[in-house]
Amino acid sequence: MSCAVERGIQHPSAMRATSQLPARLLLQRLLICFFLLSIAAGVTDKLERGQKLTDGDTLVSAGGSFTLGFFSPGASTKRYLGIWFSVSNDTVCWVANRDKPLLDKSGTLVLNDVGSLVLGDTSRRARTVWSSNFLPASAAAVQLLDSGNLVVRNGSSNASLWQSFDQPSDTLLPGMKLGKNVWTGGEWQLTSWSSADDPSPGDYRRTLQTTGLPEIILWYHDVKTYRTGPWNGIYFNGVPEARAYAGKYPLLVTSSPWETTYGYTAAPGAPLTRVVVNHTGKAERLEWDASSREWNRIFQGPRDPCDEYGKCGPFGLCDPEAASSGFCGCVAGFSAANTSALVVKDNADGCRRAAALDCAGGTTTDGFKVVSGMKLPDTQNASVDMGVTLEECRARCLANCSCLAYAAADIRGGGDGTGCVMWAYAIVDLRLVDRGQNLYLRLSKSEIGWP
Numbered sequence: 001m002s003c004a005v006e007r008g009i010q011h012p013s014a015m016r017a018t019s020q021l022p023a024r025l026l027l028q029r030l031l032i033c034f035f036l037l038s039i040a041a042g043v044t045d046k047l048e049r050g051q052k053l054t055d056g057d058t059l060v061s062a063g064g065s066f067t068l069g070f071f072s073p074g075a076s077t078k079r080y081l082g083i084w085f086s087v088s089n090d091t092v093c094w095v096a097n098r099d100k101p102l103l104d105k106s107g108t109l110v111l112n113d114v115g116s117l118v119l120g121d122t123s124r125r126a127r128t129v130w131s132s133n134f135l136p137a138s139a140a141a142v143q144l145l146d147s148g149n150l151v152v153r154n155g156s157s158n159a160s161l162w163q164s165f166d167q168p169s170d171t172l173l174p175g176m177k178l179g180k181n182v183w184t185g186g187e188w189q190l191t192s193w194s195s196a197d198d199p200s201p202g203d204y205r206r207t208l209q210t211t212g213l214p215e216i217i218l219w220y221h222d223v224k225t226y227r228t229g230p231w232n233g234i235y236f237n238g239v240p241e242a243r244a245y246a247g248k249y250p251l252l253v254t255s256s257p258w259e260t261t262y263g264y265t266a267a268p269g270a271p272l273t274r275v276v277v278n279h280t281g282k283a284e285r286l287e288w289d290a291s292s293r294e295w296n297r298i299f300q301g302p303r304d305p306c307d308e309y310g311k312c313g314p315f316g317l318c319d320p321e322a323a324s325s326g327f328c329g330c331v332a333g334f335s336a337a338n339t340s341a342l343v344v345k346d347n348a349d350g351c352r353r354a355a356a357l358d359c360a361g362g363t364t365t366d367g368f369k370v371v372s373g374m375k376l377p378d379t380q381n382a383s384v385d386m387g388v389t390l391e392e393c394r395a396r397c398l399a400n401c402s403c404l405a406y407a408a409a410d411i412r413g414g415g416d417g418t419g420c421v422m423w424a425y426a427i428v429d430l431r432l433v434d435r436g437q438n439l440y441l442r443l444s445k446s447e448i449g450w451p
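full-length UniProt numbering puts the last residue of the sequence shown at 451; the count rises by one with no breaks.
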């Protein structure tokens, strides 16, 4: 089949044959023509060593899901090299020169002779604006994958030498990860844009806290603003909504001697999705609706006042249904640390014990109160042992006078769970949450009601 249209007068029989073609067949032929013409026009997913990508050119992943090229965000006229969703050109998921914009369309991307991927500014004596880490001279090509990952490949083995997934911007795609490399000290984290028009690193970061049980933290500079709750083997304890989309986007938390990471995958046929930390301080999971051609938000954190980190202070309990009382109360066996009416409603000072604990010299009369439906407290300073039962965890906590509370670390087996997480410092950032877990809080026997 030829896509060429010959000039001149068409034979009447040919005109009749064309008019009688079924509309679907005609559409198929047109699509094939467009595909062949796109190949002829040089649409590709790869840049070989020495080739240049200039402003106006693009790389398009083999399946057409992602595009790499130059863009200007929002109302800005500055130019950036980035990757975006092909179905939504203004949805940028990675930016190379975040804090070094080009002032005009003079940018050029090239995989140079020494194996580095370099973004240069040809209007300013070929000034280097951005480059990948130094790569071996064996680097032969850079390719945009249909995962949205830009990869520099080895010429002989085709192995990956560098990838954009290791330098996240504000977006986490399926196959990417957050976390830390124990050996190198490197960290994968998301950093918000400064504004809708400025992709330079902004005020908010999203990281994986790897001490205690893994959990995702949202930071404003160096201040925690929101956390997901600890990983319980199925989902992050404070985000039970994740169960609703776990079939489409399975969550993965891995821990090994060399790294601890969080990521997710996309099941075959699942809609396009992304997790983004935006410049307003929200972490969102969005899903593409092909019929409306819009991104639908399926989760946002923080989602209510009780998601504000430490809102109710130490040993305070936040109830999202208790707006009239300022959302804050105290866990069983505790009362407001400051009884001023205004302070009680805000409760930033938290709560204090109603009765002192009785534990010293290897003996104790203390017990534990079950506090149900909890987003478990921050585990940054907690101790964790995945290899014990919950009953063994209770015995350990009771024998340790410094242990203030304990909980199951893993709920995959059902029942009350297994493993052990113990807190020896003030309990902070407690809230009620759907499908929350049990927290076993150490109290004086008088508060438990023992004789």
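We treat Cβ as the ideally placed atom computed from N, Cα and C, and that holds for glycine.
Give the DSSP-derived three-state secondary structure of L398 in the structure shown. Locating residue 398 in the sequence shown gives position 398, where the first residue counts as 1. Helix at L398.
Could you tell me how far apart the beta carbons of T260 and G387 are, in whole angstroms, since I believe they sit closer than 8 Å? Here residue 260 is taken as the residue at index 260 of the sequence shown, counted from 1. Here residue 387 is taken as the residue at index 387 of the sequence shown, counted from 1. The C-beta distance from T260 to G387 rounds to 17 Å, too long to fall under 8 Å, and the pair is not in contact.
R127: which of T108, D113 and L144 sits nearest, CA to CA? The residue labelled residue 127 in the question sits at position 127 within the sequence shown. The residue among T108, D113 and L144 with its C-alpha nearest the C-alpha of R127 is T108.
Euclidean distance between Cα positions of residue 455 and D104: Given a span of 1 to 451 for the chain in the structure shown, any question on residue 455 remains unanswerable.
Would T171 and E187 qualify as a contact pair, given that the criterion is a beta-carbon distance under 8 Å? What you label residue 171 is simply residue 171 of the sequence shown in a count that begins at 1. What you label residue 187 is simply residue 187 of the sequence shown in a count that begins at 1. One thing to note: T171 has its Cβ no nearer than 8 Å to the Cβ of E187.
F236: which of R435, L145, N181 and G175 sits nearest, CA to CA? Position 236 of the sequence shown, counting from 1, holds the residue named residue 236. Of the listed residues, the one whose Cα sits closest to F236 is R435.
Using a threshold of 8 Å, state whether the C-beta atoms of T379 and L213 are closer than that. For the purposes of this step, residue 379 is identified with residue 379 of the sequence shown, where counting begins at 1. For the purposes of this step, residue 213 is identified with residue 213 of the sequence shown, where counting begins at 1. Taking the C-beta atoms as reference points, L213 is found nearer than 8 Å to T379.
When you measure from the CB of E447 to every non-hydrogen atom of the ligand SAH, does any distance come out below 7 Å? Among the components of this structure there are no ligands whatsoever, and the ligand SAH is therefore not found.
Alpha helix (DSSP H) containing A242: first to last residue? Within the sequence shown, numbered from 1, the residue matching residue 242 stands at position 242. Unbroken alpha helix (DSSP H) run through A242: A242 to Y245.
Could you tell me which whole alpha helix (DSSP H) segments of length 4 or greater appear in the UniProt domain "Apple" (359-444)? Counting only runs that start and end inside the UniProt domain "Apple" (359-444), the alpha helix (DSSP H) elements of at least 4 residues fall at 390-399.
According to the neighbour-count rule (16 or more other Cβ atoms, all chains shown, within 10 Å of its Cβ), is M1 buried or exposed? In the sequence shown, counting from the first residue as 1, residue 1 sits at position 1. Residue confidence is low: M1 scores 45 on pLDDT, short of 50, so the model does not pin down where it sits. Its coordinate-derived value is still stated next. M1 is exposed by the Cβ-count criterion.
Once DSSP output is grouped into helix, strand and coil, what is the label at P168? Along the sequence shown, read from residue 1 onward, the residue named residue 168 stands at position 168. In the three-state DSSP reduction, P168 falls in the coil class, being neither helix nor strand.
Which of helix, strand or coil does DSSP assign to R124? Here residue 124 refers to the residue found at position 124 of the sequence shown. The three-state reading of DSSP puts R124 in helix, counting H, G and I together.
Measure the alpha-carbon distance for residue 492 versus M374 and round it to whole angstroms. The question about residue 492 has no answer here: the residues shown for the chain are numbered 1 through 451.
Grab me the residues of R352's own chain with a C-beta within less than 7 Å of its C-beta, minus the 5 sequence neighbours each way, in chain order. Sequence index remark: in the sequence shown, residue 352 carries index 352 (1-based). Excluding positions up to five away in sequence, the list reads F334, S335 and A337.
Check for me: the beta strand (DSSP E) holding Y220 runs from which residue to which? Start at 1 with the first residue of the sequence shown, and residue 220 comes out as number 220. Element bounds for Y220: E215 to Y220.
Name the residue from L398, G50, C306 and Y226 whose alpha carbon lies nearest to the alpha carbon of A360. Reading the sequence shown from its first residue, position 360 is the one you call residue 360. Selected option, being the one with the closest Cα: L398.
Of the choices G326, A323, L317 and A322, whose alpha-carbon is the least far from that of A332? The sequence position of residue 332 within the sequence shown is 332, counting from 1. For A332, the closest C-alpha among the options G326, A323, L317 and A322 is that of L317.
Could you check which residue in L432, N381 and A354 has the C-alpha nearest to that of S446? In the sequence shown, residue 446 corresponds to position 446, counting from 1. Comparing C-alpha distances from S446 to each of L432, N381 and A354 shows the shortest one belongs to A354.
Can you look up I83 in the DSSP assignment and give me helix, strand or coil? The count along the sequence shown starts at 1 and reaches residue 83 at position 83. I83 falls in the strand class under three-state DSSP.
Compute the distance between the beta-carbons of A426 and P314, then report whether it is under 8 Å. Here residue 426 refers to the residue found at position 426 of the sequence shown. Here residue 314 refers to the residue found at position 314 of the sequence shown. Cβ distance < 8 Å, so A426 and P314 count as in contact.
Quick test of your reading: G131 and L150, contact by CB under 8 Å. State the CB separation rounded to the nearest angstrom. Taking the first residue of the sequence shown as 1, we reach residue 131 at position 131. Taking the first residue of the sequence shown as 1, we reach residue 150 at position 150. Residue identity differs from the one stated: residue 131 is Ser in this sequence, not Gly. Not quite, the Cβ-Cβ distance comes to about 13 Å (not below 8 Å), so this is no contact.
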